[in-house]
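Below is one structure, written out as structure tokens; comments come after it.
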Amino acid sequence: MGQSYPQSTERDARGKEVLGGDDIARSLTRIAYEIIERNKGARGLVIAGIPTRGEYLARRLIERIKEVSGEQADLAIIDTTMFRDDLHRHPIRTPHPSSIPAGGIDARVVVLVDDVLYTGRTIKAALDALGSLGRADSVQLAILVDRGHRELPIRPDFVGKNLPTSREETVKILLTETDGKDAVILGGHS
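Here the numbering used here is used: the first residue of the sequence shown is 1, the next is one more, and so on.
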């Protein structure tokens, strides 16, 4: 007799949801409080998102920081495309325009924001891109999910969720702005 296997479900195909919308909202609120505490307020801060999802998370952090502190941080968008060390492997990338506040980033605290920290190579590219735009007083790093497996000595200052994974597992971030809902999905082996 042949074995019976359970049929695959949509949930099985896309993975396990490890953070839902409420969890992401709480993580961003906590990160906003930590940023304010570490920097003694938000005056003069530049919150710099890395496209695509890092940009939306940066915008949300700016909102949360204003709600909590009453102070407005500035937004920057830092495109890493031309600063990546893997362009030879993945040459087809669509650059997104970088933008910085009118007053620039010189002598200001910049908080880089991205969705997932994995090898650290995107953050290195973001630091290189940031350096081409000005000289920040200091740079801090806020990440929604830190999954480990660093290839470079980069450590986040603010983390929504530490999610230890194997290299074969996938982590997918869904955001309302790009995907219609907020969630962090841990997928099976790739």
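Backbone N, C-alpha and C fix where the C-beta goes; we use that ideal spot for every residue, glycine too.
Could you pull the DSSP bridge partners for residue i from this structure?
{"i": "residue 16", "result": "186"}
{"i": "residue 140", "result": "111"}
{"i": "residue 68", "result": "Residue 68 is not bridged to any residue."}
{"i": "residue 74", "result": "46"}
{"i": "residue 99", "result": "77"}
{"i": "residue 158", "result": "142"}
{"i": "residue 117", "result": "146"}
State the CB to CB distance for the pair residue i and residue j, rounded to an integer number of angstroms; the pair is presumed to be in contact (CB under 8 Å).
{"i": "residue 75", "j": "residue 112", "result": "The pair is not a contact, with the Cβ atoms about 12 Å apart (cut-off 8 Å)."}
{"i": "residue 135", "j": "residue 157", "result": "Between residue 157 and residue 135 the Cβ distance is about 19 Å, and since that is not below 8 Å, they are no contact."}
{"i": "residue 57", "j": "residue 117", "result": "Rounded, the Cβ-Cβ distance is 12 Å, inconsistent with contact."}
{"i": "residue 138", "j": "residue 109", "result": "5 Å"}
{"i": "residue 114", "j": "residue 54", "result": "4 Å"}
Does DSSP classify residue i as helix, strand or coil?
{"i": "residue 181", "result": "coil"}
{"i": "residue 175", "result": "coil"}
{"i": "residue 169", "result": "strand"}
{"i": "residue 21", "result": "helix"}
{"i": "residue 45", "result": "coil"}
{"i": "residue 128", "result": "helix"}
{"i": "residue 55", "result": "helix"}
{"i": "residue 28", "result": "helix"}
{"i": "residue 163", "result": "coil"}
{"i": "residue 94", "result": "coil"}
{"i": "residue 36", "result": "helix"}
*Between the stretch 175 to 188 and the stretch 18 to 29, do three or more beta carbon pairs fall short of 8 Å?*
Touching, yes.
*With a cut-off of 8 Å, do at least 3 Cβ pairs link the stretch 64 to 75 to the stretch 125 to 139?*
Touching, no.
*Hey, is the stretch 41 to 55 in contact with the stretch 93 to 101, meaning 3+ C-beta pairs nearer than 8 Å?*
Contact check between the stretch 41 to 55 and the stretch 93 to 101: three or more CB pairs, one atom from each, fall below 8 Å, which counts as touching.
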